[in-house]
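From first to last, the protein sequence lines are chains B, A and Z.
Residue 154 in our numbering sits at position 154 of the first sequence, and the numbers go up by one each step.
Residue 435 in our numbering sits at position 113 of the second sequence, and the numbers go up by one each step.
Residue 675 in our numbering sits at position 35 of the third sequence, and the numbers go up by one each step.
Don't be surprised by glycine CBs; every beta carbon is placed ideally from N, CA and C.
Keep in mind that this is a model prediction, so the values were computed, not measured.
Report on the structure given below.
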Amino acid sequence: MSLLTAEDLNVWFDLDGGRELHAVQGVGFSLEPGERLGLVGESGCGKTTTVLGLLGLLPPSASISGRVLLNGVDIVAGGEETMRPHRWVDLAIVFQGAMNALNPVKTVGSQIVEVLELHERARGRDARARTGELLESVGIPANRAERFPHEFSGGMRQRAAIAMALACSPSILIADEPTTALDVMVQAQILELLDSLCRDFGLALLLVTHDLPVVAELCDRAAVMYAGEIVEHGPMDALYHEPRHPYTRLLFAATPDLHGEGVPASIPGTPPRLDQPLVGCPFHTRCDRAFARCTEERPVLKELGDDRSAACHLNDVVAEVV
Amino acid sequence: MSVVLQEPAALDDAVPVRSRRGIVWETVKRRPSALVGAGLLALVIVGAVLAPVLAPYDLHEQVGPVFGRPSWSHPLGLDDGGIDMVTLLMWGARISLVVGFAATFVSMVIGGAIGVTAGYFGGKVDTILMRITDYFLVIPDVPLMIIVAAIWGPSLFHIVIVIGILLWTSTARVIRAQVKSVRERVYVKRARSLGASHMRVVLRHVLPQVAPLLIANTVLTIAVAIFDETALAFLGLSDPSRISLGKMIENAFQRAAISTGAWWAIVPPGVLVAVIILACSLLGGAIEDALNPRLRVAHLSARTFRLRPLVGRGPEAL
Amino acid sequence: MSQNGNRPLIAVEDLVVRYPVARGLGGMLARRPQRFVHAVEGISFSVKRGELLALVGESGCGKTTTAQAVLRLVEPVSGRIEFDGGDITTLQSRALRPLRRRMQLIYQDPYESLDPRLSVRAAVEEPLQIHGLGGSKTERLERVREALSVVELNPPELFLERYPHELSGGQRQRVAIAASVVLGPDLLVADEPVSMLDVSVRAGILNLLDRLREDGLGILMITHDLSTAARFADRIAVMYLGRIVEEGPARSVVGNPQHPYTKALLSVVPRRDPRERSKREILSGEAPDAVRIPSGCRFHPRCPIAIADCKRIDPALERVGDGADHAAACIRL
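Encoded structure:
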């Protein structure tokens with residue numbers, strides 16, 4: 001039984017005129033304690049919607065289906081009532097742009113104290129002491145708790161956001177684009193911080209990002225998302241060296257590497273619209289290996305052994321190199 | 323693994339984003355308050371414009387006794403000169419609207435020009451213009467009008483000027499704020515760095531973004547202008563030879579309509595002024611709301627879940 | 641490739657740009673000394689025709705200010721800027737106007753750099769109208785078509801009457817580039833041209849810039865992404881707190897970094913291949929703000945190999961002996 005299992009997660013958004021946007025289509029994955037899983041994809045692929053769905057934080061125009069099993073118990077089934085006790089306590093999230101979402105008129109320390117008191121973890125002096133501990137654990141001197149967010153640099157604000165997420169000692173930390181707006185050196189600091197926090201506290205990490213090299217650096221495994229579904233899933237090494245989905249291969253090829261040879265190349269075309277039913281493989285219009293079956297039949301995510309899975313018809317053709 | 327790729331001309335027939343140009347029209351179509359406001363306003367304007375044609379009686383013809391009671395032939399009775407009230411209302415609305423629109427035009431031109439200049443150039447120009455605006459803001463309207471009437475004599479022209487001079491300040495401030503924010507948009511900076519002249523940037527890039535707000539502000543200003551005119555006329559500071567709605571109220575007041583019990587001489591013009599002002603406020607307010615994205619607060623609503631039954635795409639779906 | 645031999649397209653010498661820090665009324669009354677943000681503190685570099693120079697560094701290093709100064713969008717305090725042999729440092733707006741044709745800026749945000757009310761045709765035509773180029777309307781339209789073709793928006797007819805909100809981010813950026821090349825510039829300054837685009841789209845834009853470079857344009861690219869610079873630039877200049885600390889051919893700077901800052905920076909850039917994880921040299925803290933520059937070598941507080949002398953001596957860029965046109969500013973080399 002995994003720590004966290006998402007099964008057949010689907011999210012729809014209501015649009016004007018009675019239409020729907022099928023933003024997340026049958027997403028499933030599992031996370032073991034202490035494991036780092038990357039959820040990779042470009043804008044609009046549904047990765048942020050997926051994690052917001054996991055936490056029940058979608059707007060009212062969204063509807064969700066599927067199961068989210070936390071230690072075997074479905075926390076989505078009962079709606080907000082079953083979800084709320086687990087939010088922040090078992091599953092915490094550092095949102096995209098969290099470093100800019102700190103309340104500017106309250107001290108950083110008081111905001112962490114607020115989290116502790118809200119979840120009844122500590123009050124008053126105990127809360128302040130625990131806040132100091134949390135700040136130290138993310139590399140911020142405890143005496144900075146009395147400062148305001150604008151007195152912190154970008155990197156330090158991000159650390160504070162991480163401290164806030166750890167307030168209730170969750171077993172799972174979700175980080176949505178934690179380093180996107182940061183400089184490369186600060187990014188390295190934050191990634192190292194996440195790395196050591198996972199090791200020291202046994203945290204499982206779900207890292208959501210569009211940046212493949214960042215995932216390669218921090219995560220053991222990754223799930224690649226495209227057009228609302230997971231198109232490939234497997235260990236990082238295998239994803240880079242033996243991709244089993246053209247999108248994975250092309251995405252790596254499009255990413256410039258510091259020392260690699262050759263020039264990166266774009267993937268032509270645009271992702272499909274998710275407010276219309278899809279026929280065939282969602283990637284076939286942009287794929288360089290598409291064939292007849294790809295235009296008619298939608299591939300299903302299939303296990304390929306060695307803890308890998310991919311949704312591509314090419315894997316059915318024996319010994320075909322994707 | 324080298325793939326020769328070119329990003330082809332794949333165009334998304336995207337769901338069109340509402341262009342700002344259509345916002346005014348879109349709003350009027352969609353929001354009930356805007357429709358009501360626009361409808362009322364249209365009605366009054368049509369009535370006033372077509373007064374020469376539609377008015378049941380002649381404006382200067384006495385058709386009955388002083389303060390004649392309402393009857394079938396005169397649904398709103400007669401005024402202090404025995405003239406049909408309905409006729410008077412139509413003609414009076416005409417003057418009120420003319421003054422209202424003219425004063426608003428004056429204030430829009432002055433306020434718009436100052437707002438755009440201050441917002442676009444910033445710095446010292448902005449500071450000086452804003453200080454001037456502040457001084458005008460402080461001037462009390464009625465005393466000014468009394469002085470103007472005393473020195474130059476009361477006339478419609480003077481009223482229009484006075485109201486226009488007093489109203490432009492709020493327009494200037496609103497426009498300035500908007501221009502300042504548009505000025506910082508990347509495409510405006512880009513146009514400047516391309517070498518575009520200030521004139522070109524303002525006309526082509528800044529004004530179109532500011533126009534919807536200017537429209538909303540103008541409509542709201544009309545309401546205030548008409549109110550001001552009514553008040554000034556009621557105080558006897560308006561052109562005595564022209565009948566406006568405010569003048570009608572003043573006349574009735576002066577001729578002791580109240581003590582005579584002739585409510586029909588005072589109430590209808592007052593109600594009509596109120597209706598016009600309400601119509602402008604509804605329409606202008608609706609347009610303003612439509613332009614302000616921050617008024618959508620769905621993200622603040624309480625958390626609820628909408629669950630659907632499991633979908634699944636086959637047993638291999640994990 | 642260039643008729644002017646090896647004369648650089650743009651040559652900057654000892655450029656200094658400072659911004660005053662607002663003191664406020666209280667500060668002024670209390671006669672507090674005016675403090676400055678030392679955005680650019682004396683840098684020199686050049687860009688040739690057909691060359692892509694990447695200016696890399698973290699936020700606050702002065703790279704964006706440098707780009708703006710080169711385009712004369714910001715006034716330098718001192719230094720010299722030469723464009724195609726002519727001194728443009730102190731030219732005023734009237735004299736600068738013809739130059740604006742020859743130097744173009746491409747912005748970071750493709751979603752904001754196009755006026756939402758202008759069609760693609762109008763947006764690309766506007767520069768022609770501003771500079772009074774292109775003759776009749778039909779001639780201008782022809783130029784617009786050509787420009788759209790150059791940026792690979794083919795067939796141009798498909799795009800002429802579209803509005804920005806109907807285009808993807810990559811397409812918008814191409815339109816912005818088209819609006820820049822329609823004037824036939826010599827120099828393109830690209831400020832983070834792809835950082836707001838999806839990964840799968842970036843390479844297309846960068847390859848486009850590369851093709852323009854091959855056609856003889858000089859390109860100054862500002863970026864914080866070292867991997868992009870490594871793959872697309874001819875030369876790289878690394879900036880830190882307003883100075884260039886290392887400069888040279890991209891291959892040399894990336895393959896054989898000399899300055900400790902460059903080394904640290906390169907060591908922490910994430911790699912695609914999980915097997916290629918080199919030892920990361922993570923510097924502690926962040927760069928200090930540019931108001932209080934450290935004494936001596938500005939990097940010394942964070943430098944892993946700093947010695948006592950580093951607090952006193954402000955190093956100049958000096959050739960490192962690897963045979964290439966590669967220089968670094970460090971006394972320990």
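- In the DSSP annotation of this structure, the continuous segment of the alpha helix (DSSP H) that includes Z/Y901 starts and ends at P900 to V908.
- Contact annotation for B/S43 against chain Z: D838 [CB-CB distance below 7 Å, chain order].
- With the criterion set as a beta carbon lying under 7 Å from some beta carbon of chain B, the members of the segment 856-872 of chain Z are H864, L866, S867, T868, A870 and R871, in sequence order.
- Against chain B, the CB of A/R353 has no partner CB under 9 Å away; the residue lies outside that interface.
- Non-local beta-carbon contacts of B/C312 in its own chain, meaning distances under 6 Å to residues more than five positions away in sequence, involve H245 and P299 in chain order.
- Given a length threshold of 3 residues, each whole run of the beta strand (DSSP E) inside the segment 859-932 of chain Z is given here in chain order: 875-880 and 883-889.
- In this structure, B/T49 and B/L39 do not form a Cβ contact; the two beta carbons are roughly 11 Å apart against a cut-off of 8 Å.
- Here DSSP, grouped into helix, strand and coil, assigns B/A23 to strand.
- Short of 7 Å from the beta carbon of A/S429, and not among the five residues preceding or following it, lie these beta carbons of its own chain, in chain order: G486, L489, W490, T493 and T543.
- Straight through space, the alpha carbons of Z/G809 and B/A122 are spaced by roughly 47 Å.
- Scanning the segment 222-300 of chain B from its first residue to its last, the whole alpha helix (DSSP H) runs of 4-plus residues come out as 236-241, 246-254 and 292-296.
- Here B/D183 is buried: its Cβ has 16 or more other Cβ atoms, across all protein chains shown, within 10 Å.
- For B/T5, no alpha helix (DSSP H) encloses it; the enclosing beta strand (DSSP E) starts and ends at L4 to D14.
- Only those residues of the segment 61-83 of chain B whose C-beta falls short of 8 Å from the nearest C-beta of chain A are listed: S61, A62, S63, I64, S65, G66, R67, V76, A77, G79, E80 and M83.
- Straight-line spacing of the CA atoms in Z/H805 and Z/P756 works out to 7 Å.
- Straight through space, the alpha carbons of Z/E797 and A/S515 are spaced by roughly 28 Å.
- A/T439: not part of any beta strand (DSSP E); member of the alpha helix (DSSP H) spanning M407 to F443, first to last residue.
- Under the three-state reduction of DSSP output, B/E120 falls in the coil class, being neither helix nor strand.
- Check the Cα spacing between Z/R658 and each of Z/R671, Z/G702 and Z/L669: the tightest is with Z/G702.
- When C-beta distances to chain B are compared with 8 Å, the residues of the segment 811-844 of chain Z below that value are D838, V839, S840, V841, R842, A843 and G844, in chain order.
- In the assembly as shown, Z/P716 is a buried residue. Its beta-carbon has 16 or more other beta-carbons within 10 Å.
- If you draw a straight line from the Cα of Z/V791 to the Cα of Z/R720, it comes to about 33 Å.
- Nearest to Z/R647 by C-alpha distance, out of Z/M668, Z/L669 and Z/E691, is Z/E691.
- Note on the segment 500-559 of chain A: whole alpha helix (DSSP H) runs with a minimum of 4 residues are 508-516 and 529-556, in chain order.
- Counting other Cβ atoms within 10 Å of its Cβ, B/G28 reaches 16 or more and is therefore classed as buried.
- By the C-beta density criterion, A/W347 is exposed, having fewer than 16 other C-beta atoms within 10 angstroms.
- Burial is judged here by how many other beta carbons sit within 10 angstroms of a residue's own beta carbon; Z/D831 has at least 16 and is buried.
- DSSP lists B/V40 as the beta-bridge partner residues of B/T209.
- Annotation: the continuous beta strand (DSSP E) that includes B/V94 extends over L91 to V94.
- With contact defined as three or more Cβ pairs closer than 8 Å, the segment 521-528 of chain A and the segment 452-462 of chain A are not in contact.
- Looking only at Z/V815, Z/R671 and Z/L736, the smallest Cα-Cα distance to Z/Y751 is reached by Z/V815.
- Three or more pairs of CB atoms, one per stretch, sit closer than 8 Å, so the segment 146-163 of chain B contacts the segment 183-200 of chain B.
- Excluding five sequence positions before and after B/A253, the CB atoms of its chain that fall closer than 7 Å to its own CB belong to P264 and A265, given in chain order.
- Taking a contact as a CB-CB distance under 8 Å, the pair B/L15 and B/L21 counts as one, their CB atoms being some 6 Å apart.
- Residue contact with chain A for B/N100: absent (no Cβ-Cβ distance below 9 Å to any residue of chain A).
- Within the same chain, and ignoring the five residues on either side of A/P590 in sequence, the residues whose Cβ sits closer than 7 Å to its Cβ are L398, M407 and L411.
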